[in-house]
Each structure stands twice: as structure tokens, then as C-alpha cells.
Amino acid sequence: MENRDVLLKISHLSKTFGKNAVLKDIDFTVKKGDVTCIIGASGSGKSTLLRCINLLETPTTGSILFKDRDIMDKNGDPAAYRAQVGMVFQNFNLFNNMNVIENCTVGQTKVLKKSAEEARKKALYYLEKVGMLPYINAKPRQLSGGQKQRVAIARALSMEPVLLLFDEPTSALDPQMVGEVLDVMKRLAKEGLTMIIVTHEMAFARDVSSHVVFMADGVIEEEGSVSEIFYNPKSFVTKEFLSRFMRE
Amino acid sequence: MPQDFFGRIIYLLSRYGMSFFNGALQTMNIALVGTIFGCIIGFAVGVVQTIPVSKNDSLVKRILYSIVSFLLNAYVEIFRGTPMMVQAMFIYYGSSALFNINMSMMFAAYFIVSINTGAYMAETVRGGVLSIDPGQEEGAKAIGMTHVQTMIYVILPQALRNIMPQIGNNLIINIKDTCVLSIIGIVELFFASKGVAGTYYTYFEAFTITMVIYFILTFTCSRILRVFENRMDGPDSYDLATTDTLAYTSGMVRFPDPKNNKEDK
């Protein structure tokens, strides 16, 4: 619980689109090795929060400290920061003009300036990890959704990020593919990778989280450990949201 | 001079075949150079027009950008909105009258076709860039690519593929439209045909030949570009890679085993 373990510290973060306040005064902290799941109803601001963390959206107010440095600093370099923070999207967002292996090497060679050989070795290593090794020559359009998402995870891992963000990685997949992607994510969680996961897969969140954040209407309604949120929720909204899931 | 139609065509071809040929060559020369430079101009303008500017950027950058963007818009609108024939006259004679620049005829021809194509291509490129799903741009940003890197490695290759049909369109339009350059004295296919036709007053026969030549030129180009497009798409199938040596025989390709470094030489 020492301060040096803190990787990401968000304070008083808010985001408005026009007059619409999507995030209101968000505070939360991620420590090294944490697997934080953000759950909540659609439209509660989960994805926006995640996109703010990666600066894909610019927060309206507040600060985000990454390794004790303010990433919103005017003199900061958002690209260099993003190279340390991976992101996996709901819609995969693979590069359609490149095959699987190129998708996983382009960031390493162009952003991290690694040699082609080194990048390829690393890419093969992570592609094997997600079970996509046989498909290195395929183009994204030739893959199924679950395969695409596993490649997207390998692409993010190839950059060897300090923190990996998942934005509803299984929402565009059918139940069988959901399983194959969640399996990969579970393995990563076990290996101690720091992750923030926005998800609607409650069973998954319950199984892998070290920390759960429940959001409603742009605020963090409740946060805590799995047992606190899933089995002893204090807030009425949390109870109501989880009741449907816990009955199953 | 033979009396029947086909006889006269053969006569014209055997006598003035070289004039037609040289005219066609000149036409293709101007059309190709104009299209290539036009594409380069179009890409430059189109890419600049799609640079994102946010409220967080510095004031200087925003002002500079709006000036550049105004000039580029003016360029596109003016050259798209006036006939190339008029531009040819205006630029070729205007440059010597106003600025005392004596362009060579050929330079003027290249210049006019390029800048015209550029104006059309700018809009096409802009459309091509906008056609790429913004998610891929976010994907590129998320692994730390800058805007320029994202453009070069991710967006433009795909935009180029998407606008290939339009580039072909422009090439074909240019092949046909170079004939307006005869007004500043360029001896291209139309000018050459007019010369041949005038010699014996065989307008119908001469321009029948011209029609056929123009069609052959444009049709050939459009077919070549189609082959080019298919090649850009790449194969529809892919090989599964494996380290299992038995599987090589079934058409699978081999890749170095990441666990066994000795294998990748």
C-alpha cells in the first residue's frame, strides 16, 4: 500500500460533451498488478473513462497521474505515454491493410524503433500466447471476431505495456468467441499484468478482479474488492444492478 | 485517293500513321505526367485538409492552419470551378503578360493538367481518408503512433486502395481532356488529327481513326488499372503457418519457432 506501488492516480476527473456531463468528479487509483474491472449499465460513462485514461478523449477537468507524472501536461507527449499504455477495443480496430504479424510489429518498429527481427520475435511470442500463431499470414478480414480480438490483444502486448486497457473486449462476439478471449485475459491476469477492464461479463469480473469499480450516471457509485461489491454491496443502485446477475 | 470509306482510312493511316502515333504519344505523355503530379498534389492537399485541429492546440498553430486551409480550399474551388481550356489560355498567356514568365508550351501543358487533376484529387483523397473507419486511427494512436505515422502506415495505404477507381477515372478524363491543350498549340492527338483531316478534307475518316485511338488508349488504361487494383487487394486465401514439419507437405508454410531460437538461423 505504499505510494510507489501506485501506477495511475485519477483525481477529480470530469468530461462533458457540450452540455452533457458524462463523467463527474471521478477519483480512483490503480496499483501495479491490479486487475480493475469497471462495471455498470450502458451509458454510465465506463468507456469514456477508459478513453480518457488513454487520452483518446481529453478530460474536461481533473488530473491523471501516471507514474507520478501528469499526462495532461501541455508539454507532455501523448504518443509516448500511449506507447506504454495498451488498449484493446470493442471493435478490434486492427489495421486492415496489414496481415496479423505486421499488425503486431508495426508499433514496435515505428514507435519503439526496434529492429524488424526483434519485433518479429516478440510478435511471434505474444501471438503464440493468444493462440494465433498459425494465422500470422492472414489479413484481419479473413479472421473471425474472436480471432481478431486475440490478435488485437497480441498487438497491444507486443508493445509490452505497463498498463493494458480493455474496452468491452467481448461485446461484439458470440458466446463461444467470448470464451476464447476471456481465457486469454484470465491468463494475463494470473501473470500479474496491470489491467483495467470495462466489461459486461459479470462472472468474468468476479473471477479475475482484484478491484471492482461500479459506475452509474457518470460517477463511481461504489468500489472495492470482489466480495465487497458482488456479495455485500452497500449502495442501492449497485444492489439493483447486480441482483439480476446474481440470481442467475 | 481511294473513293470508298475504308480505302481512305487505310490511305490516311499509311500516309499519316506517324502523325497519329506521335499525337497519341503526346496525349499519353501529358495525361500520365499530369495524372501522376496531380495525384501528388491531391494527396498533399487532401492530407493537409484532414489534419485534426483541437481547441487545445496553440493559437499560432490554429491560425496558421486556418490560413493554409483557406488557401487550399480556394485552390480547389477555383480550379474545379473553371474550364481547363480557359485555365490553359489564362495561365499560358497570363504568365508572360503579368509576370514576364515565358513558359515553354510543354511545361504549361504539364502544369495545367497537373494542377487541374490536383484540385479534383484533393477532394477524392479527403473522401478516401474519411472513408477509413476512425477506429483504426484510434488503434494506431493507442499503440503510440503519431498522426503522421498513422497516416503513412495505416490510413493512406487503405485510402489509396479505395480511391484507385477515381485515380483511373482521372487518368481517362485526362487522356480525353488533353485535347483542349491544342488551343495553346500542343500537337497532341486531336491537333494532329485536325491537321491530317484538313489536308484532304477527310474529316469523317480522320476522326474515325482518332475516335478509335482514343478509345484504345482509355480502354487499355482502365484494364491495366483494374489488374493493378486486384493486385493491391492481395490473395483471398492465406497459408497457415506451423512448426510441425509433417504439415509442410500439405501446403502450410514454416516460421521460426519462437521457443527455439536455433531454428531461425
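Protein chains in written order, with my numbering: chain W, 398 to 645; chain H, 20 to 284. A virtual CB, placed ideally from N, CA and C, is assigned to each residue, including glycine. Bear in mind that the values here come from a model prediction, so they are computed numbers and not experimental data.
Legend entry - Residues of the segment 506 to 523 of chain W whose Cβ lies closer than 7 Å to any Cβ of chain H, in chain order: Of all residues in the segment 506 to 523 of chain W, Lys507, Val508, Lys518, Leu521 and Tyr522 have a Cβ within less than 7 Å of some Cβ in chain H.
Inset, instruction - Could you tell me which uninterrupted beta strand (DSSP E) segments, each at least 3 residues in length, are contained entirely in the segment 561 to 621 of chain W, listed from first to last along the chain? - result: Those beta strand (DSSP E) runs which fall completely within the segment 561 to 621 of chain W and span 3+ residues are 591 to 595, 608 to 613 and 616 to 621.
Legend entry - glycine 204/H to phenylalanine 223/H span [Cα, whole Å]: So the two alpha carbons sit approximately 23 Å from each other.
Inset, instruction - Give a yes or no on whether the C-beta atoms belonging to isoleucine 407/W and leucine 462/W are separated by under 9 Å. - result: Cβ distance < 9 Å, so isoleucine 407/W and leucine 462/W count as in contact.
Inset, instruction - Could you tell me which chain W residues have their CB closer than 9 Å to the CB of valine 173/H, listed as they occur along the chain? - result: By Cβ distance, chain W contributes Phe492, Asn493, Asn494, Met495 and Val503.
Inset, instruction - Please classify alanine 600/W: is it buried, with 16 or more other beta-carbons within 10 angstroms of its beta-carbon, or exposed? - result: With fewer than 16 other Cβ atoms within 10 Å, it is exposed.
Inset, instruction - Determine, using beta carbons only, whether methionine 592/W comes closer than 9 Å to chain H. - result: Not an interface residue.
Inset, instruction - Over the uninterrupted beta strand (DSSP E) stretch that includes methionine 381/W, give me the two end residues. - result: Outside the displayed span of chain W (398 to 645) sits residue 381/W, for which this structure offers no information.
Inset, instruction - Say whether chain W places a C-beta atom closer than 9 Å to the C-beta of proline 71/H. - result: The beta carbon of proline 71/H sits no closer than 9 Å to any beta carbon of chain W.
Legend entry - Local conformation of lysine 421/W per DSSP, three classes: Reduced to three states, the DSSP call for lysine 421/W is strand.
Inset, instruction - Assuming phenylalanine 633/W and glycine 437/W form a contact by the criterion Cβ under 8 Å, report the distance between their Cβ atoms to the nearest whole angstrom. - result: The Cβ separation is near 14 Å, so there is no contact.
Inset, instruction - Report whether the distance from the Cβ of serine 114/H to the nearest heavy atom of the ligand GTP is below 8 Å. - result: The model depicted lacks the ligand GTP and carries no ligand whatsoever.
Inset, instruction - Starting from leucine 90/H, follow the alpha helix (DSSP H) in both directions and report where the run begins and ends. - result: The continuous alpha helix (DSSP H) containing leucine 90/H extends over residues 78 to 99.
Legend entry - C-beta neighbour in chain W for tyrosine 257/H, strict 9 Å: For tyrosine 257/H, a Cβ of chain W is located within less than 9 Å of the residue's own Cβ.
Legend entry - Residue-chain proximity (glutamine 539/W, chain H), Cβ-Cβ < 9 Å: Output row for glutamine 539/W: interface = yes.
Legend entry - With 16 other Cβ atoms within 10 Å as the buried cut-off, status of methionine 230/H: By the neighbour-count rule (16 or more Cβ atoms within 10 Å), methionine 230/H is not buried but exposed.
Legend entry - Extent of the continuous alpha helix (DSSP H) run through lysine 519/W: Following the DSSP letters along the chain, one finds lysine 519/W inside the alpha helix (DSSP H) bounded by residues 513 to 526.
Legend entry - DSSP-derived helix/strand/coil call for valine 432/W: For valine 432/W, the three-state secondary structure derived from DSSP is strand.
Legend entry - Strand pairing of lysine 412/W, partner residues [DSSP]: DSSP lists Leu420/W as partners of lysine 412/W.
Inset, instruction - Could you list the residues in the segment 164 to 191 of chain H with a C-beta less than 8 Å from some C-beta on chain W, going in chain order? - result: So the close ones are Met164, Thr165, Gln168, Tyr172, Val173, Pro176, Gln177 and Arg180.
Legend entry - Residue-chain proximity (lysine 160/H, chain W), Cβ-Cβ < 9 Å: Yes, lysine 160/H counts as interfacial toward chain W.
Legend entry - Helix, strand or coil at alanine 260/H [DSSP, three-state]: Alanine 260/H carries a strand assignment under DSSP once its states are collapsed to helix, strand and coil.
Inset, instruction - Name, please, each residue of chain H whose Cβ falls closer than 9 Å to the Cβ of arginine 479/W. - result: Per Cβ cutoff of 9 Å: Lys160, Ala161, Ile162, Gly163 and Met164.
Legend entry - Between the CA atoms of phenylalanine 130/H and phenylalanine 118/H - distance to the nearest angstrom: Rounded to the nearest angstrom, the two C-alpha atoms are 16 Å apart.
Legend entry - For threonine 169/H, the first and last residue of its enclosing beta strand (DSSP E): No beta strand (DSSP E) contains threonine 169/H, which DSSP labels as neither H nor E.
Inset, instruction - Anything in the segment 432 to 460 of chain W with a Cβ closer than 7 Å to a Cβ of chain H? List those residues in chain order, please. - result: Against chain H - using a Cβ distance shorter than 7 Å - the residues of the segment 432 to 460 of chain W are Asn451, Leu453 and Thr455.
Inset, instruction - Below 8 Å on the Cβ atoms is my guess for leucine 561/W versus leucine 590/W; work out the distance and round it to an integer in Å. - result: That belief holds up - the Cβ atoms of leucine 561/W and leucine 590/W are roughly 6 Å apart, short of 8 Å.
Legend entry - Residue closest to isoleucine 134/H, alpha-carbon to alpha-carbon, out of Ile202/H, Ile55/H and Ile182/H: Comparing alpha-carbon positions, the option among Ile202/H, Ile55/H and Ile182/H lying closest to isoleucine 134/H turns out to be Ile55/H.
Inset, instruction - Return the chain-ordered list of same chain residues with a C-beta closer than 7 Å to the C-beta of glutamine 32/H, the five sequence neighbours on each side being excluded. - result: Before going further, note that residue 32/H is leucine rather than glutamine in the sequence given. If you ignore the 5 residues before and after leucine 32/H, its C-beta comes within less than 7 Å of the C-beta of Ile228, all in its own chain and listed in chain order.
Inset, instruction - Give me the Cβ distance between leucine 570/W and valine 578/W, rounded to the nearest whole Å; I'm assuming they're in contact under 8 Å. - result: Right, the Cβ-Cβ distance comes to about 6 Å (below 8 Å), so this counts as a contact.
Inset, instruction - Give me the Cα-Cα distance between tyrosine 111/H and phenylalanine 209/H, rounded to the nearest whole angstrom. - result: Each residue's Cα considered, the two are about 19 Å apart.
Legend entry - Of the residues Asp76/H, Phe39/H, Ile29/H and Val67/H, the one placed nearest alanine 211/H, counting alpha carbons only: Comparing Cα positions, the closest option is Phe39/H.
Inset, instruction - Find the nearest neighbour of leucine 509/W within the set Ala93/H, Ile29/H and Gln168/H, judged by alpha-carbon distance. - result: That would be Gln168/H, whose Cα lies nearest to the Cα of leucine 509/W.
Inset, instruction - Could you list which residues in chain H have their beta carbon closer than 9 Å to that of tyrosine 532/W, in chain order? - result: By Cβ distance, chain H contributes Tyr257, Leu259 and Ala260.
Legend entry - Among Gln68/H, Met125/H and Gly42/H, the one whose alpha carbon lies nearest that of isoleucine 232/H: Residue Gly42/H is the option with its Cα nearest to isoleucine 232/H.
Legend entry - Beta-bridge pairing of serine 460/W - partner residues as DSSP gives them: Under DSSP, serine 460/W takes part in a beta bridge, and its partners are Ser408/W.
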